[in-house]
Structure formats: structure tokens, C-alpha cells
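Taken in sequence, the protein lines are chains X and A. All the letters of the first sequence, read from the start, carry residue numbers 2 to 367 under the working numbering. All the letters of the second sequence, read from the start, carry residue numbers 2 to 367 under the working numbering. The C-beta atom is built at its ideal place from N, Cα and C for all residues, glycine as well. These notes are about the structure you will find just below.
Protein chains: 2
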Amino acid sequence: MAIFTQLEEFGHEEVLFCQNKDVGLRAIIAIHDTTLGPALGGTRMWPYETEEEALADALRLSRAMTYKAAAAGLNMGGGKAVIIGDPKKDKSEALFRAFGRFIESLKGRFITGEDVGVDVNDVEYMYMETRYVCGLSPAHGGGGDPAPVTALGVVQGMKACVQEQFNATSLEGFTVAVQGLGSVGSHLVELLVNERAQVIGTDIDEEKVRRVVDRFGIRTVPPDEIYRVDADIFAPCALGAVINDETIPQFKFKIIAGSANNQLAEDRHGEELHRRGILYAPDYVINAGGLINIYVELEGYDRERALRMTRSIYYNLRKVFEIARQENIPTAQAADKLVEQRIAMVRKLKDMYTGQGVHRMRWETR
Amino acid sequence: MAIFTQLEEFGHEEVLFCQNKDVGLRAIIAIHDTTLGPALGGTRMWPYETEEEALADALRLSRAMTYKAAAAGLNMGGGKAVIIGDPKKDKSEALFRAFGRFIESLKGRFITGEDVGVDVNDVEYMYMETRYVCGLSPAHGGGGDPAPVTALGVVQGMKACVQEQFNATSLEGFTVAVQGLGSVGSHLVELLVNERAQVIGTDIDEEKVRRVVDRFGIRTVPPDEIYRVDADIFAPCALGAVINDETIPQFKFKIIAGSANNQLAEDRHGEELHRRGILYAPDYVINAGGLINIYVELEGYDRERALRMTRSIYYNLRKVFEIARQENIPTAQAADKLVEQRIAMVRKLKDMYTGQGVHRMRWETR
Chain X
2 MAIFTQLEEF GHEEVLFCQN KDVGLRAIIA IHDTTLGPAL GGTRMWPYET EEEALADALR
62 LSRAMTYKAA AAGLNMGGGK AVIIGDPKKD KSEALFRAFG RFIESLKGRF ITGEDVGVDV
122 NDVEYMYMET RYVCGLSPAH GGGGDPAPVT ALGVVQGMKA CVQEQFNATS LEGFTVAVQG
182 LGSVGSHLVE LLVNERAQVI GTDIDEEKVR RVVDRFGIRT VPPDEIYRVD ADIFAPCALG
242 AVINDETIPQ FKFKIIAGSA NNQLAEDRHG EELHRRGILY APDYVINAGG LINIYVELEG
302 YDRERALRMT RSIYYNLRKV FEIARQENIP TAQAADKLVE QRIAMVRKLK DMYTGQGVHR
362 MRWETR
Chain A
2 MAIFTQLEEF GHEEVLFCQN KDVGLRAIIA IHDTTLGPAL GGTRMWPYET EEEALADALR
62 LSRAMTYKAA AAGLNMGGGK AVIIGDPKKD KSEALFRAFG RFIESLKGRF ITGEDVGVDV
122 NDVEYMYMET RYVCGLSPAH GGGGDPAPVT ALGVVQGMKA CVQEQFNATS LEGFTVAVQG
182 LGSVGSHLVE LLVNERAQVI GTDIDEEKVR RVVDRFGIRT VPPDEIYRVD ADIFAPCALG
242 AVINDETIPQ FKFKIIAGSA NNQLAEDRHG EELHRRGILY APDYVINAGG LINIYVELEG
302 YDRERALRMT RSIYYNLRKV FEIARQENIP TAQAADKLVE QRIAMVRKLK DMYTGQGVHR
362 MRWETR
């Protein structure tokens with residue numbers, strides 16, 4: 002079993018196994034760290050073969066949420082829920098409502114929303130039982146499509162990159178290779194064109210390629226070729242693990258800055274970029290726009306505020322690059338360091354505060 | 002791992018793994034069923050060899066709490082917490098306060114108190130972080146010693162037994178064999194003497210025997226002989242599993258009614274008593290006085306109310322005996338049936354209510 006060993010290794014506070022036999026619900030809620038605030042993270046539904054797999058996913062993804070929220074400067078911790086089941090066969094109103102009651106029972110310590118296998122309709126069922134969900138349809142106070150916000154965050158991050166790497170103050174004249182022309186990628190292309198950058202795009206879906214070319218007249222290449230095009234910046238906006246042993250030797254890029262999750266196949270690939278002098282914008286720092294959008298939704302959605310907060314990704318990356326420069330470490334390590342420092346600082350403050358607070362309470366109420 | 006399989010088998014709603022590396026806390030909180038109300042159950046500290054053992058204990062004991070609370074007619078569900086550690090070496094204020102914060106985070110869904118390895122001082126540390134603990138010292142609003150209340154409950158249960166078995170309305174003239182002269186046993190002897198019953202006592206601790214003999218002048222026997230004395234009623238108030246293949250053939254008793262937990266070694270021993278026409282007062286029904294005492298503490302302690310509620314154990318057992326008589330089943334089975342009927346009935350009512358309530362809320366707030 003060794004659950005506690007895993008919790009200690011990952012640094013989790015708690016993990017909850019929820020069951021409702023009547024509706025066939027088996028779910029795991031992992032709360033990684035609530036030092037900065039309530040744990041925020043989506044709910045994933047997946048036909049995991051074993052409980053171990055489901056637990057491993059919940060632990061891994063919830064820790065990533067802690068880092069992402071902390072790096073974005075949000076007062077939020079990290080969590081994640083997984084429902085064991087096949088999204089194509091096992092969904093029902095009863096199941097999501099039962100799950101919603103578990104979320105409600107946590108009284109806001111965990112706030113969730115859509116993720117792989119869980120869509121806005123499922124979240125609406127959860128919302129029947131709990132307020133602690135987000136990513137609702139705009140009609141119900143939700144923030145709507147997060148893609149434009151994520152894309153804006155990537156552009157802000159790119160600006161921090163060109164500042165660091167070329168001492169440049171705008172993206173004008175730089176060439177950007179955008180991998181993936183889906184919702185985030187196509188918004189990114191639009192923003193880059195407005196910034197007067199050159200764009201080279203690619204996507205495995207030819208229909209998406211055609212649509213972007215029709216609108217913005219950018220140059221495109223077949224999917225395999227994107228890694229070796231002559232561009233200053235590579236923006237992975239589709240798959241994970243695209244920075245790996247096969248792709249790195251092809252890179253002529255000086256900067257990697259995109260919205261995809263888990264861009265580095267392994268940690269050592271971040272070290273390799275560092276050795277080659279390629280500036281890497283750590284994925285969870287630069288792609289936080291979507292999360293910021295959700296954070297704003299929790300406070301009552303305001304598009305302007307979401308966009309304003311997303312601009313801070315520029316400053317967050319500047320801090321990461323400063324640590325990396327001063328300590329001569331890869332940027333991915335510097336980002337982790339920034340997060341861990343922030344959490345440790347807040348934990349220290351809270352410990353001091355809580356100690357006093359509790360004592361005061363004890364003496365006053367007796 | 003198979004945690005969900007176990008949860009389904011036992012019928013649990015959820016199980017929570019809590020960890021705080023800084024203070025060395027590893028705890029499991031099992032919430033079995035909250036249909037009737039918040040889950041109530043003690044916190045045990047024990048040097049479990051494996052996580053599996055700790056989980057098994059938490060699951061087993063929390064389910065037993067559901068049955069006990071439901072049989073006592075309380076609006077409480079069943080839960081239990083276990084802390085993995087050696088009570089002699091691993092205790093600290095920091096550990097119990099960290100655990101208290103987990104209890105607090107459940108916001109009253111689980112209410113806990115002392116159990117094996119956890120004493121009133123440890124509960125006081127937990128209380129620094131959460132109100133959701135009970136069994137505090139009387140100075141802090143606690144109910145104090147539950148033993149006299151438990152003993153009263155056993156006497157009420159015995160009255161239901163003599164009513165059922167002999168159509169008698171008092172214990173006067175009946176002979177009762179009391180096994181264990183500790184806190185509950187000695188209070189029981191006092192109450193039985195007041196009821197003009199004959200008492201035969203035993204204990205492995207000679208000092209305890211001497212003290213009870215000095216005060217009440219009862220007859221005593223060596224520990225081994227208690228199973229074969231000539232008495233109408235056997236009151237096990239010490240060890241569990243004292244109704245087993247070795248002891249049953251020795252019984253001349255017509256009634257078994259005592260405060261010990263888990264009196265039947267196995268379910269089949271309850272069936273054997275049934276075959277032999279020995280009336281068994283199911284342990285968790287007759288020994289609920291201590292739990293009732295804690296329940297009253299949660300509402301603001303009132304000794305009179307605790308004693309009054311404990312008298313209802315008479316009626317609870319009458320209901321159990323009625324089911325057993327009508328269906329010709331062992332009383333232990335009848336008690337489980339009573340509990341399951343009560344929970345199913347309340348669940349049905351709640352489902353109806355919740356369904357409507359949620360719909361109303363949705364339409365009014367949008």
C-alpha cells in the first residue's frame with residue numbers, strides 16, 4: 002500500500018478516498034498543500050486500470066497545481082481529483098452529484114472544475130450540490146473560454162524572454178514557431194501578428210492550419226519540421242514532452258516559451274537547454290493564464306481583471322530568470338525554488354500567526 | 002491496494018489519509034456513514050506494523066460506531082481515527098495539534114475523542130485547534146467519567162432481558178455473574194445490589210476484587226470459574242470474545258448482558274446462544290451509555306439528561322428482542338437489522354428532501 006510513503010515523498014497534506022456504491026462512484030481527492038490558500042485543481046475522469054495508477058495521477062497532478070498557483074502569485078494551494086471510470090460509459094447525473102456532495106463536504110478546502118474527461122455539463126451537476134466548483138458556463142457566472150487569456154500570458158512570458166535573452170522590449174521582428182493551432186495556439190498567432198512578430202505555424206489537423214492561414218496569412222510547415230525551422234522562439238502549444246533527446250539537437254531556437262503542459266520529457270532536458278544557452282520559460286509559469294482566469298472567476302468574474310493579472314506573468318518570469326542567472330541553474334529549477342521559497346515564507350508567517358491566534362482564543366473563551 | 006474494494010465491502014463513505022512530516026503525523030480517518038448525523042468515534046494511537054493493519058482497524062471500528070450510535074437512537078454516524086505511532090514514545094503537543102487541525106478541516110463531519118493510546122491530555126491539545134472533540138475534562142465542559150452512565154445502561158438492558166426471558170419487572174432475586182470489577186463493573190455491582198439482585202464477581206486483579214467485596218460484601222470466584230457459576234445472568238464487563246466454543250458449554254446462564262465490546266468471538270456463537278435459548282443482549286446496544294454520555298456532552302453536558310437518555314436502552318433492547326422473536330433470528334442479527342432499517346429509512350427521507358432542496362436553491366439563486 003505505502004500510501005503514507007508516497008504522501009511524504011510528494012509532500013502531500015492529505016488524500017481522500019470517496020465511495021458511493023449506489024451510483025458507482027470511486028474518486029480520489031489529493032490535497033497537496035494549502036499553505037497559500039484552498040487547494041485548486043480540476044477533476045479528471047479516466048478508466049484507470051488500477052487504484053495505484055489513479056492515486057499516482059492524483060498525487061502528481063495535485064503537486065503540479067501547487068507549483069503553478071504559487072508561481073502565478075495566487076493565494077491558492079494545489080489539489081486534484083480523479084474519478085475512476087470511463088467518461089464515455091460511466092457518466093451520470095447521480096454520479097457527479099454524489100461527487101459534488103463530497104466536494105461540498107470539504108467546505109471550500111478544495112475547489113475543482115473541468116479536466117480530462119469532465120466537461121462543463123458535469124461541472125453543472127456538481128454545482129447542484131456545491132458552490133466549490135468553477136469553470137461554469139458564462140450564463141452561470143463562469144469565465145468562459147480561458148484560451149485567449151492563456152495566449153495573452155504566453156505573449157507576456159515571451160516578452161520577458163526576449164528581454165532576458167536579447168535585451169529587447171518588444172516581440173517585433175522576432176520569428177516564433179508555434180506548434181499547435183488549436184484554441185490557445187490560434188489566439189497566440191493573432192496576438193503575435195499584432196505584435197509584428199513573424200510566425201511559422203504547424204498542426205497535425207490540416208483544417209486548423211487552413212483556418213489560421215486564411216485569417217493571418219502566416220507561413221506553415223509540416224508537423225515534423227517545426228523543430229528545425231529558423232526561428233528565435235519555439236512555442237509548444239499542443240503536446241507534452243516535446244523537449245527531448247530527439248528534438249533538442251534540431252533546435253536553432255534561442256527561446257522556448259509556449260502553453261503546453263509538461264514540455265520537458267525529463268528534468269535533464271531542462272539542464273541540456275541550460276547548457277546550450279537556450280532560455281526556457283518553465284511551462285507552469287508561462288501557461289498560468291487559464292488558472293488565473295479561474296481564480297478571478299472564484300471572486301466573481303471580471304475579464305479585465307483576469308487580463309490584468311495575466312500580465313504579471315511577465316514579472317513572474319523575470320524573477321525566475323533572475324534566480325537562474327544568479328545561481329547559474331536551469332530555469333525549471335529556479336521556478337521550483339521560487340515556489341518553495343514563497344510557500345516556506347508564508348508557512349512561517351502562518352505558524353507564527355496561528356500559534357498566537359489559538360492562544361488568544363483559548364484564553365478568551367474559557 | 003484495493004482500498005475501494007474494502008470501502009465497498011464495509012460500506013464506507015470515505016477514508017482520509019493525513020500526513021504532516023514536520024511532526025511525524027500519519028493518521029487515517031475513516032468515515033463510515035453520516036446518514037444519521039456527523040460521524041462520531043474515538044482516535045486510537047497504536048504502533049501498527051503496516052498501513053494495511055491501521056486501515057483495517059479504522060474501517061472495522063468506524064463501522065461498529067455507526068451501528069452503536071444508530072442502535073442507541075442517536076442522530077450520529079460512525080467514524081474512527083487511528084494515528085500510527087507508539088503512545089509511549091511518539092506523542093507530542095505538535096503532533097496532536099497537527100492532528101487537531103485535520104479534524105478542524107472536516108468542519109464537524111467527524112467528531113472525535115479518547116480511545117486506546119489517546120488520553121484526555123492529548124484531547125486537550127487537539128482542542129487547541131478544533132472544537133470538534135469531546136471527552137474533555139469536566140473543567141472544560143466535558144462529561145467526566147462515563148463509567149457510571151455505562152453501568153446504568155447495562156442495568157436497564159438487564160431489565161429488558163428479564164422482561165423478555167422471565168416476564169419479570171425487576172432484577173430482585175436474580176443472580177448476576179459480573180466479569181470484571183473495574184470502573185464499569187464496580188459501578189454495576191453497586192447498582193445491582195441496590196436492585197436487590199445477588200451478585201457473583203470476579204477479576205484478575207485481586208486488589209479490585211477486595212475493594213468491591215469490602216464495599217458490597219458480594220460473593221466472588223476465581224476468574225476461570227465465572228463461566229460455570231450458577232447464575233441467571235452473565236455480565237461480561239472486561240474482555241472481548243468471552244462467548245466462544247470453550248465457554249458456551251459451561252453456561253447455566255439464561256441471559257447474557259454486559260458492557261464489554263465484541264463479546265461474541267464469532268457471529269456463529271450468537272447463533273449458538275439462540276439455539277440454546279440463552280438471551281443475548283447485543284453488546285453494542287446495551288453498552289451505549291458511554292456513547293450517550295458523549296453525545297450529551299456535545300450538546301452541553303447535563304448529567305440528568307445523560308442518565309435519562311441512557312434509560313432508553315431498555316426500549317432499544319425490547320425492539321431488538323421483538324424482531325428476533327418475530328423472525329426467529331439471533332438477537333445480534335436482529336440488532337443489525339434494526340440499525341440498517343433505521344439508516345435506510347432516514348436515507349430515503351434525506352434523498353427526497355435533498356433533491357427538492359437543491360432544486361429550489363438552484364432556481365432561486367439564479
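Below-9 Å beta-carbon distance, residue i vs any chain A residue
i                      : result
residue 12 of chain X  : yes
residue 359 of chain X : In this prediction, residue 359 of chain X scores a pLDDT of 41, lower than 50, which makes its location untrustworthy; no coordinate-derived value is stated.
residue 121 of chain X : no
residue 18 of chain X  : yes
residue 363 of chain X : Confidence at residue 363 of chain X is low in this model, with a pLDDT of 38, below 50, so its placement is unreliable and no value can be given for it.
residue 9 of chain X   : yes
residue 93 of chain X  : no
residue 209 of chain X : no
residue 313 of chain X : no
residue 1 of chain X   : The structure shown does not extend to residue 1 of chain X, since chain X is modelled only from 2 through 367, so no value can be given for it.
residue 404 of chain X : The structure shown does not extend to residue 404 of chain X, since chain X is modelled only from 2 to 367, so the question has no answer here.
DSSP-derived helix/strand/coil call for residue i
i                      : result
residue 80 of chain X  : strand
residue 362 of chain A : Caution applies to residue 362 of chain A, whose pLDDT of 39 falls short of 50 and renders its modelled position unreliable; the value that the coordinates give is listed next. In this structure, residue 362 of chain A counts as helix in the three-state DSSP scheme.
residue 371 of chain A : Absent from the structure is residue 371 of chain A, since the part of chain A shown begins at 2 and ends at 367.
residue 277 of chain A : coil
residue 54 of chain A  : helix
residue 6 of chain X   : helix
residue 33 of chain A  : strand
residue 40 of chain A  : strand
residue 221 of chain A : strand
residue 320 of chain A : helix
residue 170 of chain A : coil
residue 13 of chain X  : coil
residue 75 of chain X  : coil
residue 357 of chain X : Residue placement at residue 357 of chain X is poorly supported in this model, since its pLDDT is 42, which falls under 50; the coordinates still yield a value, given next. Residue state, collapsed to three classes: helix.
residue 339 of chain A : helix
residue 352 of chain A : helix
residue 300 of chain X : coil
residue 154 of chain X : helix
Buried or exposed (CB count within 10 angstroms, at least 16 for buried), residue i
i                      : result
residue 367 of chain A : Note that residue 367 of chain A has pLDDT 33, beneath the 50 cutoff, so the model's placement of it is unreliable and the number below is only indicative. By the neighbour-count rule (16 or more Cβ atoms within 10 Å), residue 367 of chain A is not buried but exposed.
residue 350 of chain X : exposed
residue 316 of chain A : exposed
residue 147 of chain A : buried
residue 167 of chain X : exposed
residue 275 of chain A : buried
residue 357 of chain X : Interpretation of residue 357 of chain X is limited by its pLDDT of 42, a score under 50 that renders its predicted location unreliable; the figure taken from the coordinates is listed afterwards. Residue 357 of chain X comes out exposed.
residue 300 of chain A : exposed
residue 342 of chain X : exposed
residue 3 of chain X   : exposed
residue 205 of chain A : exposed
Per DSSP, the bridge partner or partners of residue i
i                      : result
residue 45 of chain A  : A:83
residue 266 of chain A : None; residue 266 of chain A has no bridge partner.
residue 176 of chain A : A:199
residue 28 of chain A  : A:19, A:84
residue 234 of chain X : X:177, X:256
residue 134 of chain A : A:113
residue 244 of chain A : A:265
Any C-beta of chain X under 9 Å from that of residue i
i                      : result
residue 3 of chain A   : yes
residue 27 of chain A  : yes
residue 103 of chain A : yes
residue 50 of chain A  : no
residue 168 of chain A : no
residue 330 of chain A : no
9 Å Cβ cutoff, residue i in contact with chain D
i                      : result
residue 110 of chain X : No chain D is part of this structure, whose protein chains are labelled X and A.
Worksheet item: If we count Cβ pairs, one from each stretch, closer than 8 Å, do we get three or more for the region 61 to 77 of chain A versus the region 157 to 167 of chain A?
Response: Taking 8 Å as the limit for Cβ pairs, the verdict is that the region 157 to 167 of chain A does not touch the region 61 to 77 of chain A.
Practice prompt. Flag this pair as touching only if the region 37 to 45 of chain X and the region 112 to 125 of chain X have three or more C-beta atom pairs under 8 Å; answer yes or no.
Written response: yes
Discussion item. Could you check whether the region 99 to 118 of chain X touches the region 243 to 256 of chain X, counting it as contact only if at least three pairs of C-beta atoms, one from each stretch, sit closer than 8 Å?
Written reply: no
Worksheet item: Taking three-plus beta-carbon pairs below 8 Å as touching, is the region 23 to 33 of chain X in contact with the region 97 to 114 of chain X?
Response: yes
Discussion item. Counting beta carbon pairs with one atom in the region 190 to 201 of chain X and one in the region 166 to 182 of chain X, are three or more of them shorter than 8 Å?
Written reply: yes
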